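Notes to accompany the following structure.
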Amino acid sequence: MDGENRARYNHGHLRYPSDLTDAEWNEIVPPIAPARRGGRRREVDVRNLVNGVMYVLSTGCQWRYIPKDFPPKSTVYRYFWDWSRDGTLDRIHDALYAKCREKLGPEASPSACIVDSRSVKSAEKGGCASIRTASMRAS
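For the sequence shown, my numbering gives the first residue as 49, with consecutive numbering after it.
Structure follows, in structure tokens:
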């Protein structure tokens, strides 16, 4: 089992360790909306966009330091920002989370929840929700 997991998560054959394998890409394609009808045709490779976003998120580099073999930094950032706003990143997360839950057990959603007093106090003060909105631009 250990050797099987190592092979599955080995990204050494990819351009960057943060790039998605074909299997990983196939998992996140469905939540990504196709290009809008009408208007200009989408000219950018969406997989390369996602790889650019993953590069920034995994390395922690600034957007302006994205390597030149990704789409322009402004394009990668704009898609990241649009996907954050329109819920695409949340849908990708939810789809991957449900898949992980299915592998662990019979149901995709948990049937029980444990809340302690510290969690309640944190939620009363704003907790995680305030962290996310504080890092986002005002609309």
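Glycine is no exception: its CB is placed at the ideal position from the N, C-alpha and C atoms. In this text, all values refer to a predicted model and were calculated from it rather than measured experimentally.
Say whether the stretch 103 to 115 touches the stretch 138 to 154, bearing in mind that this needs 3 or more beta-carbon pairs closer than 8 Å, one atom from each stretch.
no
For Asn96, which residues from the same chain have a beta carbon less than 7 Å from its beta carbon, with the 5 sequence-adjacent residues on both sides left out?
Phe118 and Pro119
How about Ser66 and Tyr103: are their beta carbons less than 8 Å apart?
yes
Counting only the same chain and skipping the five closest in sequence on each side, list residues whose C-beta sits under 8 Å from that of Thr136.
Around Thr136: Pro79, Ile80, Ala81 and Asp130.
7 Å Cβ shell around Arg90 - same chain, five flanking residues per side excluded
Ala83
If you draw a straight line from the C-alpha of Thr123 to the C-alpha of Arg166, how long is it?
41 Å
Do Leu68 and Val21 come within 8 Å of each other at the CB atom, strictly closer than that value?
Limits of the chain in this structure are 49 at one end and 187 at the other, which puts residue 21 out of reach.
On the CB-based measure, 16 or more other CB atoms within 10 Å of its CB, does Ile76 come out buried or exposed?
buried
CA-to-CA distance, Glu150 to Cys20, given in whole angstroms
This structure leaves residue 20 out entirely; the chain is present only between 49 and 187.
Could you spell out where the alpha helix (DSSP H) holding His198 opens and where it closes?
This structure gives no information on residue 198, because the portion of the chain shown stretches from 49 to 187.
Buried or exposed for Arg180, going by 16 or more other Cβ atoms inside 10 Å?
For Arg180, the pLDDT reaches just 48, beneath the cut-off of 50, and the residue's location in the model is therefore unreliable, although a value from the coordinates is still provided. Classification of Arg180: exposed, given that the 10 Å Cβ count is below 16.
Extent of the continuous alpha helix (DSSP H) run through Ile76
Where Ile76 is concerned, the enclosing alpha helix (DSSP H) stretches over Asp70 to Ile76.
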